[in-house]
Amino acid sequence: MSDTTINEQIKKLIALQEIDREIYEIRQQLKENPIYLNEMKQNFEDKKADLNELEEKLKKMQVARKTLEGDLQAQEELIAKANAQLSQIKTNKEYTAKLTEIESIKADKSRSEEKILESYDDADIVKESMSKEKEVLTEEEKKYNEQKKKVDASITTLENRIKELEGQRVSIAPEVEKEILGRYEKILVNKEGLALVPVKGSACGGCYMNVPAQIINEIKMSNKIVYCEICARILYLEEDSQ
Ligand SMILES: [Zn+2]
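Our numbering numbers the first residue of the sequence shown as 21 and each following residue consecutively.
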């Protein structure tokens, strides 16, 4: 392979690497966006679950109150019945006993009434928490939807950019020798989208380790593809390829 050929190949690889780097970075962004959205959605779902729990609690309280109200009604009926019986009682002793019985039912009745009032107070507290939760939830939902819209729009833009880059890639890649392209693409996958790097000073532009003078000489000779001994990326000298 002649000097020009290797230099030409490196030039093509530089153009390819620029495209591939951008494709890699966009793919990373595309991976991160849904993670971020999912976190937001999870947060939102958690709040919804909290609200459902409060709703369940309120329902249980309402059922318990129905029972208390049933008790109260039964107690009122007992009192009315006992009062009606009073007029038919003949002896003082029986009369006193009936009065005592009425007093006792009245005491039960007033306990029921108290519990019912307490239950209304407790329900008010739960209702207040619910309305606060609902407000938070509405706000979270709004934020999530706005964010999702932004993310969806950005995903479309990024995907279109990838298509554009892939189109450019298709026109350059066939100009690189099959074997070189194969090795380049393998490194690309293994080295996070960076297969071709310039030597900067005497350091590899990929792993920043020292590149020995002998290797730099090999690159200058331009008769083969030279790899970093440490990270195995393809090396080139910036001034040579410009
Ligand atoms: Zn290296």
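Every residue, glycine too, gets a C-beta built ideally from N, C-alpha and C.
Where Tyr228 is concerned, there is no enclosing beta strand (DSSP E), because DSSP gives it neither an H nor an E.
Lys86 sits in a helix when the DSSP states are folded into three classes.
Here Gly202 is exposed. Its C-beta has fewer than 16 other C-beta atoms within 10 Å. With respect to the C-alpha of Leu74, the residue from Glu153, Glu238 and Glu159 having the closest C-alpha is Glu153. The DSSP-derived three-state label of Lys220 is strand.
Put simply, the segment 231 to 238 does not touch the segment 176 to 183. Fewer than three CB pairs are less than 8 Å apart. The DSSP-derived three-state label of Leu214 is coil. Going by beta carbons, Ile250 and Met229 fall inside the 7 Å limit.
Sixteen is the threshold: when 16 or more other Cβ atoms of the shown chains lie within 10 Å of the Cβ of Gly226, as they do, the residue is buried. In this structure, Leu88 sits near Ile136, with a CB-CB distance shorter than 7 Å.
Our two residues, Thr177 and Gln48, have alpha carbons roughly 14 Å apart in a direct line. At least one heavy atom of ligand 1 lies less than 6 Å from the C-beta of Gly226. Gln95 and Glu148 have their C-alpha atoms spaced approximately 32 Å apart. Around the C-beta of Ser174, fewer than 16 other C-beta atoms lie within 10 Å, and the residue is accordingly described as exposed. Within the chosen limit of 6 Å, ligand 1 reaches the beta carbon of Arg253 through at least one heavy atom. Counting C-beta pairs with one atom in each stretch, the segment 24 to 42 and the segment 203 to 213 have three or more that are closer than 8 Å, which means they touch. For Leu157, the uninterrupted alpha helix (DSSP H) run begins and ends at Asn112 to Ile192, by DSSP. The beta carbon of Cys248 is closer than 7 Å to those of Cys224, Gly226, Cys227, Val231 and Leu255 in its chain, skipping five residues each way along the sequence.
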